[in-house]
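Chains as they are written, first to last, in this note's numbering: chain A, 30 to 365; chain B, 912 to 1255; chain C, 620 to 880; chain D, 6 to 388. Idealized CB from N, CA, C, for every residue including glycine. First comes the structure, then the notes that go with it.
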Amino acid sequence: MRGEGSTEVGGLRRGAQPAYAGPIFTHLRCAGGRENAAPSFDLKRSVEQLLQHCLNALILGGTYALLGIGLTLIFGIMRVVNFTHGELYSFGAYAMYMWVMVSGVNFFVALPLAILLGVLLGAAIEFLLLRRLRGADIDTTMLVMIGAWIALQNIEQLSWSGVAKSIDSPFPASPLVLGPVSVSWNRLFVFVVALALIAATYALINRTKLGKAMRATFQDRETAALMGVQINSIYTATFALGSGLAAAAGALLGPVFVVYPTMGDLASLKAFAIVILGGLGSIPGATIGGFILAFMEELGAGYVSSGYRDAMGFLLIIIILLVKPTGLFAQKERIG
Amino acid sequence: MRLVTLAWLAFLFSIPLWMSDLYVLHVLIMTGIFIIAAMSLNLLLGYTGQLSLGHVAFFGIGAYVSSLASLGFEAHLLPGVLVKMEPKPVWLGMLCAVTIAGLCGWVIGRISFKVRGAYFVIVTVSFAEVIRLVALNWVELTQGPMALNNIPALRLGTPELFELSFLRKPANYYLVLVVAVLSYILIRRLVQSRAGRAMIALRENEPLATSVGVDVTKYLVLATMVSAAMAGAAGAIYAHYVRIVDPDVFLFIYTVTMVIMVVTGGKGTLAGPVVGGLIFGLLPEILRAAEIKPEVQWVIYGVLMVLVVYFLPEGIVPAVRNWRRRHHEPATAAAPPASIEPAR
Amino acid sequence: MTAATELTVEGLSIRFGGLTAVESMSFEVKEGEVLSLIGPNGAGKTSAFNAITGYVAAAGGSIVYRGTSLIGLKPNEIATLGVVRTFQKTSVFTGQTVLDNVLIGLHLRSRQRPIAILLGLPSVAREERQLAEEARAILRFVGLDARAGEVASSLPYGELRLLEVAVALAAKPRLLLLDEPVSGMNPAETASFMKLLAQIRGLGITVFLVEHDMKMVMGVSDRIICLNYGRIIASGSPAEIQRNPEVVRAYLGERYARAQG
Amino acid sequence: MASRPFKTMLAALGATLLAGAAAAQEPIKIGVTQPLTGAFAASGNYVAQGAKIAEEEINKAGGVLGRKIQLIVEDNKSNPTEAVATAEKLIVKDKVPVMMGAWSSTLTLAVMPKLEEYKVPMLVETSSSGKITVSGNPYIFRISPTSEMEAKAFTPLFKKLGIKKADFLSTNNDFGLGAAKEFSEAAKREGVTVGVMETMDPKATDFSAQLAKIKASGSDTLFVTTAVEQITLLLKQAKDQQLIARIITTGGSNSPDQLIAQAGAAANGSYHLVFFTPWFPEAVKNPDIAKKFVALWNEKKYNVGGLTEGFRGWDGIHTIVAAIKAAGKAEPAAIQQALWGVKVQGINGDIAFIKQGPAGKESAQNVPSVYLVKIEGGKVTRQ
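So, in structure tokens, the structure goes:
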């Protein structure tokens, strides 16, 4: 051990207040350069702060869009308000935790595995719970999804306890510095993968046969069925895809933040906000909605109050529904 | 039938006389509060057919308004605009709670009159979430996550003459019981009248309802308002009973609990929320006594909810009614099937 | 032609997106008559009904009922004026009893205020008894009194359609719009419905009818308007319509097309 | 056949009698309310584990008053209303004569009216808000330091660490806001400029907006008060945004080992106020007890990061048991009386209570030790 040794601080007595008895260890020498952080030109700092906020928002927006697209796909095609969406998000994160921290699988192998698990869980939920509710009204399926959500969340809590878990990431600890702003490699990775997944989803919907069948079902289920589209398999595929996207968002963000059983609740609500913002059933709407929400949250937290960060989205929903009930980018008139 | 009801009421009123276990009374009081909230939700969910998933907002608003009125507060409405209020008597706080919750219901009813189905659900969920975040962050007014503590218990009368203090459990039990019975009567009057028929008409067939002159918006707003005021009353009683309120009172899970109670008991029936409320109010204690972890208990809730939707889509009360009709009146065997799910 | 004008429609146009359902349609309904609107499927008959009763917005033109413009009014406000309709697809309150269906229909005839209801004033109970009496009278009128206690969903099809009329009658119409009331009925049911229609007419209610069953249309109507592709192609008495070559072409053309399809 | 119900009745009667005889040997119940789930779950579980270790050790040594002790641990879900519900249940249903809890200041403050209502003493093992001991609740016995004590102990270090301008980031509850208030006042007294004072919700996980603001303030030091979960995330995110200010955490719920394990290199260079230094057991007042506790903890294979939190449970239960022993019976009033006189050799130091709050209704406060440690090169150092 180098340096000064321990310092004792004791016997601080003031009035009737209690005395202080214990020893206190401290390191007296400051790390070099820290004192040099002298106050400098304010405008420069403000601009830097704004830039940093914008960068944070951009990175966050990618995962928000991912969450929103999954939900809007399921709603648009199946007319199901998916309350398990947040659970798939946290399931993705726990799957990541399980692979990386418990089984010791490589991070980059674990990620696709976690997404795959999300896809499988989604398919299972659709097959076991929703298939027999075909044609039931929207409220009935909603109740079933709420039941599934509660059960899943508490199974998670049982399996992993309520204590938050953290996942090691293989990225360098020092961030990528871009002039005055910086971003961690992990978040950058999250952003890039999110964009890639969004692009892949677009391609799947617009370029493949499955996507064509999905679009046909979205337009008109009866006609699509008449034209030979297997509605059941389209539904399973849609729910699995939407779930996979939610799980991907969870698996990506799990290592950035921490993983805990109720992490999906707020994610679910935010996904609702994004979907309403973009119009129920609209994929471009959800993509743009995700970024709008991220910017509103980040700038609101930075310049209004950090406490109302999460309120932004919901205020937005209420305003949008009052002004333009179909959302910003609705393709079809609202259903309900 | 009337005799059975009276016997039940007499039984409920007698409980504190012979039940010495205070914990049982505590459980009954909490169950009663939730039953009032569930009954109020049933008016919206069961009779007008609108799935409101932000119902806990009204409950929480009632709790906060009544607590703040009785504790007094000093807060900035806007920067520079200071609002101050001296502590008021609890009964006045409770009245404020009912009124303000009702007003919030009116606003929400007006706002969401043009949205139905999924949109209505999301508007109500968002509303509750915004209110929760305000309660969490407006620390000056609500104490945020530090909770409003030391909320006074209800007192009626004056210390000089005659004072009724609701500090002890039996008194609170009677308070809850009386308010619950009152709420039940109000809801029964409402649904068995022109207004209630208009709400049912909105639920069953909105275009047809409007074609015979029912102003659905008006009755949806009325239902939301009455329902919100009632939930506010439940919240106020809750606040002065547990004597602490924190922003988690707005959590979605409480709305879900109410929904489970209503759906399981039978939405759109008078007795449904009472039966559902009794089951889901007492079940946690039974499960706890059986040493079942709370997580398992919630898993059971979730699974039960799914099973109820599948196998008792109308809930317990209509199912029992149908069963009794089939077994006791074979003459009218042509009774309608239990489920009238329109095949779509 | 001395009867007063009940409803005046002038230059009515209805559009859905780019599609025109009804194009500058003008006609009048006279007090006390039975007027029928006929035409092939998709001719715009139901759209016209929907515009008159406020379910779709008119793109242009005017609709005036006894001096009051109906444009921009909500369906329930139009019903308050005495214009009541039925729907093409069977439309009742399925989960309610037959009696309750009619009680809902009686909405406009009752006067209970929410405060009175919550206070449980005796006037409310009194009125409830009165309403039940009225509902039973209406059920007797359409011949459903024996079914009063049954749930609507358990009624056979023909009786369901009678129930729809009962619900509409409960709303105290002065102008009753019936949208294909006998479609799906067997000939015997149709015949008895025609008798009911005569009785309704006897109450002084003006009837505006959309119907495909030509036997019924020709049997009950005072006047007939024929629509095709959103335009009026003919109007006049049943005899005139039957002779009109355009009407014949419109119907034959449709049948021809059907046979080909 | 007819004798069957009679037999059942006899059996039931017998069971009741036996139960009566066993009552003397029935364990003494101690109620524990801790956040086992929710925002403070990690810390609450550690405290509960420490308490369980104490229970086992005491029972192995024969218990107290010839009876075993039995902890009844309830989860207050990190929520004040739930905390009240657990207290209600522990006192009314389980009839515990004494409690320990409720970790966070907010949770403890929530429970306090119930203690007065039912006249049951509670030992407070973690909470730091000054409000707890000055509100005139004579059922409160606190062994943890107040924020004010911490700030006072820290005061000389403002100069020694060369702090010129400080920012504060704390959870917006009694724990965080109380600490931010005490430390910022102490800083001002020492001539240190106070920059931004930011708060965060106890459940928040993304602090990027707050950090961007703090970075723009240009202070040399950031005081953080929250539980270990948020500290972990904060250290990582501060590193991501290249915050150059030195981070000092207060409140003692920072579990440095867990920070090293979960935040990795981002934890390097941060300072932490702790109340137990398991890395240097020889430095504490009662090293033998500290070593024994660390050995028992490791035997259970509990997370080593929990030691700085788990000791609170050990100290708390030992203090309660000492009071029960002194009282001679397991009744609330007697235990409350006896707690005033206890002298316990604890892990943190010698535990004894002094009076605080309005005269006649004083609460009890212990005078504990506070230590400042630094994480360097993935190790906790005392320099």
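Rounded to whole angstroms, the Cβ separation of LEU226 (chain A) and ALA277 (chain A) is 6 Å, and the two are in contact under 8 Å. Rounded to whole angstroms, the separation of the alpha carbons of ILE860 (chain C) and LEU781 (chain C) is 28 Å. Inclusion of TRP178 (chain A) and PHE112 (chain A) in the CB contact set at 9 Å is warranted, their separation being smaller than that value. Counting C-beta pairs closer than 8 Å gives fewer than three between the stretch 89-96 of chain A and the stretch 266-273 of chain A, which falls short of the contact rule.
Pairing GLY724 (chain C) with CYS845 (chain C) gives a Cβ-Cβ distance that is not under 9 Å. Under the DSSP assignment, GLU652 (chain C) falls outside any alpha helix (DSSP H); it carries neither an H nor an E label. Secondary structure of PHE281 (chain D) (DSSP, three-state): coil. Taking C-beta atoms as the reference points, GLY283 (chain A) and ILE196 (chain A) count as a pair closer than 9 Å. Note that the C-beta distance between ILE1155 (chain B) and ASN1060 (chain B) is below 9 Å. Around the beta-carbon of VAL279 (chain D), 16 or more other beta-carbon atoms lie within 10 Å, marking it buried. Not a single CB atom of chain A sits nearer than 9 Å to the CB of ALA986 (chain B). Interface flag for GLU696 (chain C) against chain B is set, since a Cβ pair is found closer than 9 Å. For the beta strand (DSSP E) assignment, the uninterrupted runs of no fewer than 3 residues enclosed by the stretch 183-226 of chain A are, from N- to C-terminal side, 205-207 and 210-212. As the crow flies, the alpha-carbon of LYS1025 (chain B) is around 9 Å from that of PHE1031 (chain B). Take GLU203 (chain D), set aside five residues on each side of it, and the residues of its chain with a beta-carbon closer than 6 Å to its own are LEU174 and GLN215, in chain order.
Of all residues in the stretch 1146-1163 of chain B, those with a C-beta nearer than 8 Å to a C-beta of chain D are VAL1153, ARG1154, ILE1155, VAL1156, ASP1157, ASP1159 and VAL1160, reading in chain order. By the C-beta density criterion, ILE734 (chain C) is exposed, having fewer than 16 other C-beta atoms within 10 angstroms. In the DSSP annotation of this structure, the continuous segment of the alpha helix (DSSP H) that includes ASN1083 (chain B) starts and ends at 1080-1102. Note: ARG1114 (chain B) is not bridge-paired with any residue in the DSSP secondary-structure output. Per DSSP, LYS98 (chain D) is not a residue of any alpha helix (DSSP H), being assigned neither H nor E.
LEU1047 (chain B) reaches chain D at ASP206, counting residues in chain order whose Cβ is nearer than 7 Å. When only Cα atoms are considered, VAL967 (chain B) and MET171 (chain A) end up about 18 Å apart. Taking CB atoms only, ASN177 (chain D) has a neighbour in chain A less than 9 Å away.
Counting C-beta atoms within 10 angstroms of its own C-beta, HIS1151 (chain B) has 16 or more neighbours from the protein chains shown and is therefore classed as buried. Contact between the stretch 309-322 of chain D and the stretch 56-66 of chain D is present, with at least three C-beta pairs closer than 8 Å. The way I'd put it, the stretch 631-647 of chain C does touch the stretch 835-855 of chain C; three or more beta-carbon pairs between them come closer than 8 Å. Per the C-alpha coordinates, the member of D:ARG72, D:TYR123, D:ILE74 and D:TYR376 positioned closest to PHE281 (chain D) is D:TYR376. In the displayed model, GLN1208 (chain B) falls within a helix according to three-state DSSP. For LEU779 (chain C), same chain residues with a beta-carbon under 8 Å away, outside a window of 5 residues either side, are THR709, VAL711 and ALA771 in chain order. Under the Cβ criterion (8 Å, minimum of three pairs), the stretch 182-196 of chain A counts as touching the stretch 122-131 of chain A. Around the beta carbon of GLN361 (chain D), a 10 Å sphere encloses 16 or more other beta carbons of the protein chains shown; the residue is thus reported as buried. With respect to chain B, the C-beta atom of SER334 (chain A) has a partner C-beta closer than 9 Å.
For VAL37 (chain D), the uninterrupted beta strand (DSSP E) segment begins and ends at 33-39.
A straight line joining the alpha-carbon of MET804 (chain C) with that of THR713 (chain C) spans about 19 Å.
Put simply, the stretch 137-146 of chain A does not touch the stretch 241-253 of chain A. Fewer than three CB pairs are less than 8 Å apart.
Taken in chain order, the whole beta strand (DSSP E) runs of length 3 or more contained in the stretch 173-223 of chain D are 198-205.
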